[in-house]
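Data block below; observations after.
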Amino acid sequence: MNSFKLFLIILICGSSAIGLIFIKHESRELFIELEAHKKHRDQLNNEWNELKSEENRLGNPARIEQQAIEALDMKKPAVDEMRIYKK
21 MNSFKLFLII LICGSSAIGL IFIKHESREL FIELEAHKKH RDQLNNEWNE LKSEENRLGN
81 PARIEQQAIE ALDMKKPAVD EMRIYKK
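Numbering (this note's numbering), first residue to last: 21 to 107.
Here you go:
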């Protein structure tokens, strides 16, 4: 009977050790995956900030007017060339 109890204790301890190793391994894999997701999130945040900055730069009315003058050779009409129509 004592040898059976000893065998059972060894079996339980061995199973616990194997389970612990499996859990540790799984934990490390999940941590690595988490760090990869954090890195990807940071890259996306950087890209988003760059896009917002570019949008602000491109949407600036002064820049739009400058591009219209330089690239399209447009100009503001003189006051006497303007017509205002009301309903």
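Every residue, glycine too, gets a C-beta built ideally from N, C-alpha and C.
- For residue 69, the uninterrupted alpha helix (DSSP H) run begins and ends at 22 to 78, by DSSP.
- Just so you know, the alpha carbons of residue 29 and residue 69 end up roughly 59 Å apart.
- Closest in alpha carbon position to residue 96, among 82, 107, 40 and 106, is 82.
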